[in-house]
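So the sequence lines, in the order shown, correspond to chains A and B. For reference, each letter of the first sequence is one residue, going 1 to 569 in full-length UniProt numbering. For reference, each letter of the second sequence is one residue, going 1 to 437 in full-length UniProt numbering.
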Amino acid sequence: MAEYLIKNGFVFDPVLGIRGDKADIAIKDGKIVETTAVKSPKVIDAAGKTVMAGGVDIHAHVAGPKVNVGRNFRPEDKLFGYKPKSGIERMQGGFSVPTTIRTGYNYARMGYTTVMEAAMPPLYARHTHEEMRDTPILDQGAYPVFGNNWFVLEYLKNHEIENTAAYIAWLLRATKGYAVKVVNPGGTEAWGWGLNCENVHDPVPYFDITPAQIIKGLIEANEYLGLPHSMHMHANNLGNPGNYTTTLDSFRLSEGIKPNSKFGRDQVMHHTHVQFHSYGGDSWANVDSRAKEIMDYVNSHDNITIDMGQVTLDETTTMTADGPFEHHLTELNHLKWANVDVELETGSGVVPYVYSPGIKVCAIQWCIGLELALLAKDPMRIFMTTDHPNAGPFIRYPRIMKWLMSQDARNQQFDAFKHKDKVIEATNLAGIDRELGLYEIAQMTRAGPAKSLGLAHMYGGLAPGLEADVAVFDFNPNEPYAPDDIEKAFSSAEHLFKTGVQVIVDHEIASNGNKRTLWVNAKVNENPQVMRDVKEKFLRYYTVTLNNYEVAGHHYVPNPYVIEVDATQ
Amino acid sequence: MTKTVTDVICPFCGTLCDDLEVVVSDDGKELHEVYNACAIGAEKFLHSQAKDRITRPRMRQEDGTWKEISYDEAVEYTARMLADAKKPLMYGWSSTNCEAQSIGSEIGEAVGAVMDNTATVCHGTSLIAVQDIGIPSCTLGEVKNRADRILFWGCNPAHAHPRHMSRYSIFPRGFFTGKGHKGRKVIVVDPRPTDTASLADIHLQIEQGHDYELLDALRVAFKGEKLPDFVGGIPKEKIYEVAETLKSGRFAIIFFGMGVTQSIGKNHNIDEAIAVTRDLNEYTKAAIMPMRGHYNVTGSGQVWGWQFGFPFAVDLSRGFARYNPGETTSNDLLRRDEVDAVFVLGSDPGAHFPFSSVKKIYDRPSVAIDPHETPTTEVCKVHVPVAFVGVEVGGCAYRMDNVPIETRKVVEPPEGMMTDEEFLQRVLARVKEIKGV
């Protein structure tokens with residue numbers, strides 16, 4: 001493979017602790033190496049530019065059945081901006097739910113190289129893998145959902161952690177999944193009957209268990225296995241006024257549990273899209289921000305990481321395995337509604353949504369996301385996301401950077417709100433003058449998520465030995481700039497390397513890369529009871545046979561990267 | 001000696017039964033018996049053993065006779081035809097695997113084709129309705145485990161999806177449905193007294209073409225509002241009774257077929273059927289599902305969804321994807337003389353399109369890729385026989401509830417035969433050479 005030397009850029013790297021100093025980055029055989037290790041490299045002149053590791057997105061909905069429902073049921077999402085095939089680039093369309101091909105290219109343009117699909121229904125794992133296979137450039141993994149799975153509900157009712165862990169290991173292998181995802185624990189199973197679980201102590205119909213038991217049990221099973229990532233949580237009561245107490249109740253379930261993982265993470269729970277879980281008040285008339293209460297907890301408990309779920313004030317397509325929430329949403333906005341309940345496993349819903357600056361609640365949501373990030377004491381534990389496409393499309397990350405880095409940019413947005421005064425009253429953001437720097441942005445978009453995922457040995461930094469995922473942006477942090485310059489520069493990387501392959505040259509896509517699918521193979525001791533239960537359930541209640549369940553075969557995972565975990569001791 | 005292959009997937013209909021057992025000879029060349037399949041599915045497997053099967057490509061001569069050609073020549077003809085055409089139609093895709101569909105998309109993109117599948121003449125209207133109003137649905141296992149109210153509207157699974165009722169909808173005992181069919185109420189809406197209707201607790205023998213009115217009447221009845229004495233020939237008392245039956249269930253499911261997608265009203269009927277389902281969710285839990293025909297018509301809609309953003313009728317001729325059913329749909333294009341070459345794979349428009357469309361296919365450069373001799377192969381210029389997907393080659397297929405299942409290879413194809421995937425790969429490579437990309 002070609003050798004590269006990226007010379008004289010302003011480097012921002014939390015792994016090496018470089019805060020914008022000039023440094024050279026060398027690439028050889030797909031890895032970052034010492035600059036002395038390259039003999040006759042191709043030199044990239046990065047003088048006056050910003051150099052960072054490839055971005056890592058810990059939570060986005062970019063592949064799988066509900067994403068494709070979003071594409072297929074919204075032709076209007078493709079009305080503008082369809083891009084013809086050109087050179088090595090294939091045809092691309094879609095805004096809030098882009099085609100797989102556009103997904104890969106657009107992430108690359110923002111300097112991102114690793115993206116995790118945040119919710120994979122196990123029965124639809126093949127579909128998720130087929131879409132990831134057809135997404136160019138990016139390394140990807142997918143989190144199968146566990147929080148409403150009948151096996152998990154039945155084991156955890158009796159607190160059978162070892163059996164839960166053995167089942168998780170089996171399902172990760174069967175689906176080629178990466179981590180334990182939990183969405184509205186118990187609530188989505190209740191949705192099978194049109195019901196919900198709105199707080200952590202609501203009983204799940206029939207199963208005689210509560211969300212609290214599911215959450216705690218899955219954290220314990222996750223640590224029993226020592227998986228690279230922690231349990232990945234979307235709590236009950238999403239999107240409802242007053243829900244911050246449910247969020248704090250969920251956080252508290254992790255108290256006293258220490259991480260048991262050889263992959264370097266410090267957290268036992270990653271709570272996702274916290275913006276949607278930080279509301280006060282008791283109706284949409286008096287909803288207000290409780291970001292401060294949430295961040296007080298997060299700042300004082302180092303075994304939790306979170307991501308933002310930042311509202312970007314766009315028209316978008318919401319989609320989640322939280323089936324009852326999407327029904328609630330369609331009742332609210334009366335737009336079209338898709339729903340799929342998945343036997344024994346999970347459910348999902350999809351509803352279009354418009355976050356309008358003219359609507360008070362949308363503006364409050366916008367404030368809350370930014371408050372979470374700006375109140376964070378440790379940017380290594382809070383990550384930039386939009387819960388794509390739920391709070392907005394991922395292509396807005398550079399705009400979020402602008403808001404985080406510039407109080408002026410935030411004030412401009414406040415001035416554009418129809419109900420500016422009411423919004424300021426209901427939130428804390430107007431009183432926050434903090435402006436983040438690029439080093440903190442690199443923590444929130446690279447080093448932090450990589451560490452939380454247990455992938456700090458591969459991604460998130462520029463230390464020798466890491467994967468050669470490097471982005472060069474046409475942005476000089478030492479010259480004066482306007483807020484919009486940030487958005488512009490970080491929307492279009494000048495150069496991008498993915499595992500040593502230069503995929504963007506002078507802002508143009510030059511290669512479809514050699515994308516990989518990450519999955520976790522956890523070895524556990526033989527567990528005849530769990531295997532008997534699996535056989536029994538497939539025979540009686542599933543509609544596919546056990547032998548037709550596992551994702552196997554080259555055409556689903558053509559370029560796998562398997563992370564081995566040994567939990568047999 | 002023989003061996004038995006278990007967990008085989010049936011590549012006939014959208015039910016995609018995956019519990020078949022197939023007995024094959026020890027060398028894997030001959031297929032002897034098929035167990036657990038319905039009559040149609042079993043016949044599909046056994047048909048691959050036909051002694052008079054065509055195993056080499058053939059080209060029609062001027063006098064109407066066929067001349068055997070090599071696969072190389074077939075690839076060359078197909079690639080040239082597609083590359084030279086201004087706007088070729090690439091139709092079908094419903095009886096092949098997703099891998100072949102995916103390569104087909106790449107060819108379509110390279111030559112600026114119109115990509116359309118069999119939904120264009122069956123559930124395309126349902127897809128349009130979903131774009132209007134969405135769709136609350138579920139997997140078939142949810143029906144098996146939870147549903148106690150089953151409504152079949154304009155479909156006749158007893159004949160078209162023969163194992164649907166025993167595997168998923170009427171008879172099986174599931175987790176919350178331990179009494180099987182005794183715990184379920186079955187309603188059939190059909191102007192005909194079908195074999196499915198004979199199993200129903202309530203058969204609404206609707207007057208033909210009045211589906212929209214009756215669906216609308218149900219929505220009125222849910223709210224307890226006034227109805228006229230008869231709607232679509234059904235007395236109002238019966239309509240109130242059905243509305244009450246649906247509302248009083250714990251989990252209701254509506255299955256609908258071409259009797260309602262292709263009768264008067266088309267997509268508007270499905271809009272209303274989905275609205276009925278949405279309304280029911282105010283009172284209980286309800287879902288709705290189209291009875292998809294071909295075993296992988298759903299898959300082609302999925303593949304095009306993630307590659308282009310549209311499930312059928314995708315016009316790539318201007319270099320970007322356009323979608324406008326009525327304009328970019330196969331029959332409209334053919335009858336308006338808008339396509340100048342026709343490529344068919346994995347379906348039989350010769351048997352199912354109007355004669356005026358079939359004649360247009362006959363008039364143009366045309367290729368049919370199909371393991372069988374069909375009315376389509378008889379009107380095309382070149383016929384390329386290929387291995388049977390799901391019998392002689394595996395690959396991914398999507399069930400009617402969008403669940404993807406890997407079909408299995410059970411026997412060897414006749415020696416020297418190509419698969420869809422191999423043939424399309426060769427055509428793609430040749431198209432790229434011709435186009436210089």
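Just so it is clear, CB atoms sit at the ideal spot from N, CA and C, and this is done for glycine as well. In this text, all values refer to a predicted model and were calculated from it rather than measured experimentally.
So with CB distances below 7 Å, who are the chain A contacts of Thr-284 of chain B? Here the neighbours are Gly-194.
Own chain, CB closer than 6 Å to Phe-308 of chain B, minus 5 neighbours either side, in chain order: Val-314, Ala-321
With DSSP as the reference, please indicate the residues paired to Lys-238 of chain B in a beta bridge. The secondary-structure analysis by DSSP pairs Lys-238 of chain B with nothing; it has no beta-bridge partner.
For Lys-285 of chain B, collect the residues of the same chain with a Cβ closer than 8 Å to its Cβ; drop the 5 residues on either side in sequence, then sort them by chain order. Excluding sequence neighbours, Lys-285 of chain B sits near Arg-146, Arg-250, Phe-251, Ala-252.
Taking 8 Å as the CB-CB limit, is Ser-70 of chain B close to chain A? no
At a CB-CB cut-off below 7 Å, which residues of chain B make contact with Lys-78 of chain A? Gly-309
Spatial neighbours of Val-311 of chain A in its chain, beta-carbon cut-off 7 Å, leaving aside the 5 residues before and after: Gln-275, Tyr-355, Cys-362, Gln-365, Trp-366, Gly-369, Ala-391, Gly-392
What residues from the stretch 315-344 of chain A come within 7 Å of chain B, judged by C-beta to C-beta, listed N to C? His-327, Lys-336, Trp-337, Ala-338, Asn-339, Val-340, Asp-341, Val-342, Glu-343, Leu-344
Thr-50 of chain A - partner residues in DSSP beta bridges: Answer by DSSP bridge pairing, in chain order: A:Phe-10, A:Phe-473.
Chain A residues whose Cβ lies nearer than 9 Å to that of Val-130 of chain B: Val-69, Asn-72, Phe-73, Lys-336, Ala-338
Hey, Pro-228 of chain A and Gly-454 of chain A: beta-carbon distance below 8 Å or not? Between Pro-228 of chain A and Gly-454 of chain A, the CB-CB gap stays under 8 Å.
Residues of its chain near Ile-264 of chain B, where Cβ-Cβ distance is below 7 Å and the 5 sequence neighbours each way are ignored: Gly-209.
Indicate whether Ile-441 of chain A and Met-401 of chain A have their beta-carbon atoms separated by less than 8 Å. Yes, the pair counts as a contact, with Cβ atoms nearer than the cut-off.
In chain A, which residues lie less than 9 Å from Phe-388 of chain B when you measure between Cβ atoms? Neighbours of Phe-388 of chain B on chain A: none; closest Cβ ~18 Å, over 9 Å.
Distance CB(Pro-385 of chain B)-CB(Thr-78 of chain B) smaller than 8 Å: no
Chain A partners of Lys-144 of chain B, CB-CB under 8 Å? Going along chain A in sequence order, the residues near Lys-144 of chain B (Cβ under 8 Å) are Glu-343, Tyr-541, Thr-543.
Using the three-state DSSP reduction, which class does Gln-310 of chain A fall into: helix, strand or coil? Correct three-state label for Gln-310 of chain A: coil.
His-495 of chain A (DSSP reduced to helix, strand or coil): strand
Find out if the Cβ-Cβ distance for the pair Ser-278 of chain A, Ile-304 of chain A is shorter than 8 Å. no
Beta strand (DSSP E) runs wholly inside the stretch 242-311 of chain A, at least 3 long, in chain order: Counting whole runs of 3 or more residues, the stretch 242-311 of chain A contains the beta strand (DSSP E) stretches 269-271, 304-307.
Roughly how many angstroms lie between the CA atoms of Tyr-30 of chain A and Asp-340 of chain B, to the nearest whole one? It should be pointed out that residue 30 of chain A corresponds to Gly in this sequence rather than to Tyr. The straight-line gap from Cα to Cα measures roughly 47 Å.
For chain B, check one thing: does any of its Cβ atoms lie closer than 8 Å to the Cβ of Pro-389 of chain A? no
Just to confirm my understanding: we take Ala-63 of chain A, look at its own chain, exclude 5 residues before and 5 after, and list those with CB closer than 6 Å. What are they? Close CB contacts of Ala-63 of chain A within its chain, under the 6 Å cut and outside five residues either way in sequence, are with Glu-117, Thr-128, Glu-131, Met-132 (chain order).
Spatial distance of Asn-559 of chain A from His-270 of chain A (CA atoms): 27 Å
Report yes if the C-beta distance between Thr-329 of chain B and Thr-65 of chain B is below 8 Å; otherwise report no. no
Mind checking whether Val-231 of chain B and Glu-213 of chain B have CB atoms under 8 Å apart? yes
Are any of the Cβ atoms in chain A nearer than 8 Å to that of Ala-100 of chain B? no
What's the call for Phe-473 of chain A, buried or exposed, on a 16-neighbour Cβ count within 10 Å? buried
Flag Tyr-105 of chain A as yes if its beta-carbon sits less than 8 Å from any beta-carbon of chain B, otherwise no. no
Can you check DSSP and say which residues form a bridge with Ile-504 of chain A? A:Leu-496, A:Ile-509.
Tell whether a beta-carbon distance below 8 Å holds between Gly-264 of chain A and Ala-522 of chain A. No Cβ-Cβ contact shorter than 8 Å links Gly-264 of chain A with Ala-522 of chain A.
Using only alpha-carbon positions, find the residue among B:Val-437, B:His-123, B:Glu-21 that is nearest to Ile-270 of chain B. Cα-wise, what sits closest to Ile-270 of chain B is B:His-123.
Following the continuous beta strand (DSSP E) through Asp-21 of chain A, name the residue where it begins and the one where it ends. 18-28 is the extent of the beta strand (DSSP E) around Asp-21 of chain A.
Of the residues A:Tyr-459, A:Ala-463, A:Leu-375, the one placed nearest Asn-428 of chain A, counting alpha carbons only: Out of A:Tyr-459, A:Ala-463, A:Leu-375, A:Leu-375 has the C-alpha closest to the C-alpha of Asn-428 of chain A.
Chain A residues whose Cβ lies nearer than 7 Å to that of Asp-7 of chain B: Thr-545, Asn-547, Asn-548
Boundaries (first-last residue) of the beta strand (DSSP E) holding His-352 of chain B: Careful: His-352 of chain B lies outside any beta strand (DSSP E), inside the alpha helix (DSSP H) at 349-352.
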